[in-house]
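Yeah, the sequence shown ends on 1552 if you go by this note's numbering, and it's all consecutive. I have placed the structure first, in the form of structure tokens, so that the comments after it can refer back to it.
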Amino acid sequence: MAHTTIKVEDTVRDRLAALAAEKGTTIAQLVSDFAAHTPTDAERAERTARTLAVLQEMSGYAPTPEQDRAADAELARRLGDAP
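Below is the structure:
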């Protein structure tokens, strides 16, 4: 296995060390797990498209982009996240 060094600020390194210690692992494993389990934008978009297709198939509901944005805004408002 090849090893690579990454440069981060001391505060970032210290935080990663603290997070790794809490999980009983190493910084290297923490970063590896993050990379393995964090989807890329393309992976998220593909998963979203699959989810919407299944929901439409199951329910027949296919919101327009405007309806989708309105629903997102209403959810944010109800959760207190709206600007």
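Even for Gly, the Cβ is constructed at its ideal location relative to N, Cα and C.
Secondary structure at residue i, three-state DSSP: helix, strand or coil?
i	result
D1541	helix
D1479	helix
D1502	helix
T1520	helix
D1510	helix
M1527	helix
Less than 8 Å between the beta carbons of residue i and residue j, yes or no?
i	j	result
P1534	A1540	no
I1496	A1504	no
R1516	P1508	yes
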